[in-house]
Structure formats: structure tokens, C-alpha cells
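In the working numbering, the protein residues as written are 4 to 163.
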Amino acid sequence: MRSWSPYALLVIAAIALDQWIKHLVETGLPFQEKLDLVPFLALFRTYNTGIAFSMFSSFGDTGLIVISLAVVAFVLFLATRIAPSQILARTGFALIVGGALGNLIDRAVYGHVIDYILFHTPVWSFAVFNLADAFISMGAALVVFDELFGWRREPRPSND
């Protein structure tokens, strides 16, 4: 269990940072008013009642909470199946769990997820998201990267 301690701490840190920033956004950023930081990045507080791009919003809070818990359980299951040497994948799984739990807290407490990061151009904008979403995306990228380059960990067969 000791080998999982740094990853558990990463999960806790991700949740804490996500919730702290969302508190700052909720208490200090006007609802649905764009605050440009640089020409392509703005803060824009809005609420997501679904999962990723508001999908499944018709499932309601309880349904989405159940789905989120199932996803977290599945990710934890996958994380227990990898070798201790797969540090990138373990870090990725920790970020995914931390982000998912951060959004799950929002959904359970508020009935929606607080989103606030907006990438945009004058004629296009990406979906508004939050730090928890970024943790999930970065975590998934780390897991995929670890799997793609995991063949380097495999011992080469000897040609005796």
C-alpha cells in the first residue's frame, strides 16, 4: 500500500486545488460574463449539468453521480493492474481520479459542475471547462503515453 501513497496524495491535492479554484470562481467571477486574460483565453463562469460537453444531462444528478462513481471505480481497478514501475500511468490514473472526484463533488453539492476556462478566437470557441477536466485529460494522455511507449519496458527475447 505504501507504493500508492504518493498517488493518493496527488488525488487529494488535485481535488483540493480544483475545489479551491472553483470556490474563488463562484465567489469572484460574474456568471456568464467573459473576462479576457489574453487574446485566446478567458475566464467565463458557467454550469455544466451533464458530462463532457453537457452529454447525458438528461440522466439527472443521481444518474450522473452513479456513472461518475462507476468510472472512478473502473479507473481504480485499472490502476491496480499495472506494475509499480509504470509511474506515468499511475500518475495519470491519479489525475483522472482526482479530476473525476472534483467534478463529482460539484455535482453532489450543487447539482452541476462549475466550468470557467474558455479558449477562443474571434470566430470560434472551445467548450468551457475547468481544472478537474484538465486533470482528467492530462491523466488520460499520461496513461496513453505510458502504454504507447511501454514496449520499451518489456525485456527483449534473447536469441540463444
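Backbone N, C-alpha and C fix where the C-beta goes; we use that ideal spot for every residue, glycine too.
Check: Cut-off 7 Å between Cβ atoms - residues of its own chain near F34, not counting five sequence neighbours on either side; Outcome: R48
Check: Secondary structure of I108, DSSP reduced to three states; Outcome: helix
Check: Cross-strand partners of T49 (DSSP beta bridge); Outcome: D118
Check: Nearest-angstrom Cβ-Cβ length linking I24 and L134, presumed shorter than 8 Å; Outcome: 6 Å
Check: Buried/exposed call for I15, threshold 16 Cβ in 10 Å; Outcome: exposed
Check: DSSP state of V126 mapped onto helix, strand, coil; Outcome: coil
Check: Secondary structure of F34, DSSP reduced to three states; Outcome: strand
Check: Beta-carbon spacing of F77, V146 below 9 Å; Outcome: no
Check: For S88 and M4, the rounded distance between their alpha carbons; Outcome: Unreliable placement is indicated for M4, whose pLDDT of 47 sits below 50; no coordinate value is reported for it.
Check: Neighbour-count burial assignment, S8, 16 or more Cβ in a 10 Å radius; Outcome: exposed
Check: Endpoints, alpha helix (DSSP H) assigned at V147; Outcome: 134-151
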